[in-house]
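Right, one structure below, let's go through it.
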Amino acid sequence: MERLNATRFVDLYIVNETMSQISGLEGNPALQLAPSYLLDDIAEVRAKCEHLYRAKRNPEFYLTFGTVSYRVTALESINQTVFTLRQTNVPRAAADLGLGDAVLGALLQENLRGLVLVCGERAVGKTSTAASVFVERIKMYGGLGLAIEDPPEMKMEGPHGKGFVLQVWADPQKGGYPEQMRRGTRSGAESIFLGEIRDGITSSEACRAGIDGQLVVSTGHGGSPIEGLERIHALASQNERAASQLLADGVALVVWQTLEPVLIAGSHKKRARTKMLRVKGNSSVQAKIREGKFSALVQDLDQQSNAAAWTTAAIK
Numbered sequence: 019m020e021r022l023n024a025t026r027f028v029d030l031y032i033v034n035e036t037m038s039q040i041s042g043l044e045g046n047p048a049l050q051l052a053p054s055y056l057l058d059d060i061a062e063v064r065a066k067c068e069h070l071y072r073a074k075r076n077p078e079f080y081l082t083f084g085t086v087s088y089r090v091t092a093l094e095s096i097n098q099t100v101f102t103l104r105q106t107n108v109p110r111a112a113a114d115l116g117l118g119d120a121v122l123g124a125l126l127q128e129n130l131r132g133l134v135l136v137c138g139e140r141a142v143g144k145t146s147t148a149a150s151v152f153v154e155r156i157k158m159y160g161g162l163g164l165a166i167e168d169p170p171e172m173k174m175e176g177p178h179g180k181g182f183v184l185q186v187w188a189d190p191q192k193g194g195y196p197e198q199m200r201r202g203t204r205s206g207a208e209s210i211f212l213g214e215i216r217d218g219i220t221s222s223e224a225c226r227a228g229i230d231g232q233l234v235v236s237t238g239h240g241g242s243p244i245e246g247l248e249r250i251h252a253l254a255s256q257n258e259r260a261a262s263q264l265l266a267d268g269v270a271l272v273v274w275q276t277l278e279p280v281l282i283a284g285s286h287k288k289r290a291r292t293k294m295l296r297v298k299g300n301s302s303v304q305a306k307i308r309e310g311k312f313s314a315l316v317q318d319l320d321q322q323s324n325a326a327a328w329t330t331a332a333i334k
């Protein structure tokens, strides 16, 4: 009988003792009832979730079942507590992300400093991409990397090539992302991975760290690179009068990612499609950000995309 910790899926929704829904089961994106052979394990996992939820009094935590760790979110419905589980994974090799030569080359550039924002809609692989790039850079260039997540979603702590990664939990009860980001800027880490920029303080601190010469790789929401920038600007503006200046000086790259369906050898798959906006070193882009003219960045985005496509075509 197959066990839960040997089963590939995206999300597991444990509704109650007798009913659970699962998505991404063995590559099938549809939401479906959890198969009967998993129900005993799911019941055991639910009991663990209930215990941790009561003990931690935090709706987000992670647990280990067998050798696999899961990110858990507790949702209070009108009738019961529903636990959502997502598997934590080891970051993939950056070359396997399918980002394209121009985007991957920019992300792995040795002297890259500043805030690198990977944005997109929900469940398009933002965290996977950001974590893979972060770890790949540690492997290639060495040094100390600090990974900050709430709760930890990717397995990153330990030696990687020439460097080492420390991984911390940005527990909201201990100051959350803002507190861990402040500590990170004083830790001596050359590179910082932020699971997500959710608030104004973290947004500001990430940009400042970039201005001070650190590399900060993080994720955010947005339907385009420009929308991702606007969201970070809106967050930073909660605490900063000069948020536009902060972004113009602190952001290095914005990579927007989505997943598009493709048919490969008769099977339905998904592949990454990206757009990238270079900010640092691009005076036109930085000037528009300083002036808050985000809509005017469409032209710069198109020009950069066309240049990247032309370069790739020329190389091939």
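The working numbering numbers the first residue of the sequence shown as 19 and each following residue consecutively. Where is the CB? At the ideal position from N, CA and C, for every residue including glycine. Here the structure is a predicted model, which is why all the values come from computation and not from measurement.
- Nearest to alanine 148 by alpha-carbon distance, out of Met174, Asn129, Gly160, Tyr159, is Met174.
- Judged by DSSP secondary structure, glycine 45 falls outside any alpha helix (DSSP H); it is assigned neither H nor E.
- Contact between arginine 110 and serine 146 holds: CB atoms are separated by about 7 angstroms, below the 8 angstroms threshold.
- A distance below 6 angstroms between beta-carbons, with the five flanking residues on each side excluded, links proline 169 to the following residues of its chain, in chain order: Glu78, Phe79, Tyr80, Arg89, Trp187.
- In this model, leucine 22 and leucine 56 are separated by some 6 angstroms (Cα to Cα).
- Restricting attention to alpha helix (DSSP H) runs no shorter than 4 residues, the region 255-306 encloses them at 261-268, ordered along the chain.
- Every unbroken stretch of the alpha helix (DSSP H) spanning 4 or more residues and falling wholly within the region 208-235 is given here in chain order: 218-229.
- Membership of valine 151 in the alpha helix (DSSP H) is indicated by the continuous run 144-159.
- Leucine 184 has Leu164 as its beta-bridge partners, per DSSP.
- Within the same chain, Cβ atoms closer than 6 angstroms to the Cβ of valine 280 are found at Lys287, Arg289, the five residues on either side in sequence being excluded.
- Under the 10 Å beta carbon count, glutamine 322 is surrounded by 16 or more other beta carbons and is classified as buried.
- Inclusion of serine 301 and alanine 254 in the CB contact set at 8 angstroms is not warranted, their separation being larger than that value.
- For the set Val269, Thr276, Glu278, the Cα lying nearest the Cα of alanine 305 is the one of Val269.
- In the structure shown, aspartate 58 adopts helical secondary structure according to DSSP, grouped into three states.
- Just measuring C-alpha positions, the residue of Val136, Glu167, Arg75 sitting nearest glutamine 191 is Arg75.
- Here valine 28 carries a coil assignment [DSSP, helix/strand/coil].
- In the DSSP assignment, alanine 92 falls within the beta strand (DSSP E) that extends over 86-94.
- A residue is called buried when at least 16 other Cβ atoms come within 10 angstroms of its Cβ; glutamine 50 does not meet this threshold and is exposed.
- Under the Cβ criterion (8 angstroms, minimum of three pairs), the region 226-238 does not count as touching the region 103-121.
- Per DSSP, the unbroken beta strand (DSSP E) holding arginine 104 starts and ends at 99-105.
- Annotated three-state conformation of glycine 246 is helix, per DSSP.
- Cβ contact annotation for serine 41 (same chain, cutoff 6 angstroms, sequence separation greater than five): Val28, Asp29, Leu49, in chain order.
- Listed as beta-bridge partners of valine 134 by DSSP are Val235, Leu271.
- Counting C-beta atoms within 10 angstroms of its own C-beta, leucine 265 has 16 or more neighbours from the protein chains shown and is therefore classed as buried.
- Its chain contains Cys137, Gly138, Gly240, Ser242, Pro243, Gly246, Thr292, Lys293 as the residues whose beta carbon lies nearer than 7 angstroms to that of tryptophan 274, once the 5 sequence neighbours on both sides are disregarded; these appear in chain order.
- DSSP, read as helix, strand or coil, puts leucine 81 in strand.
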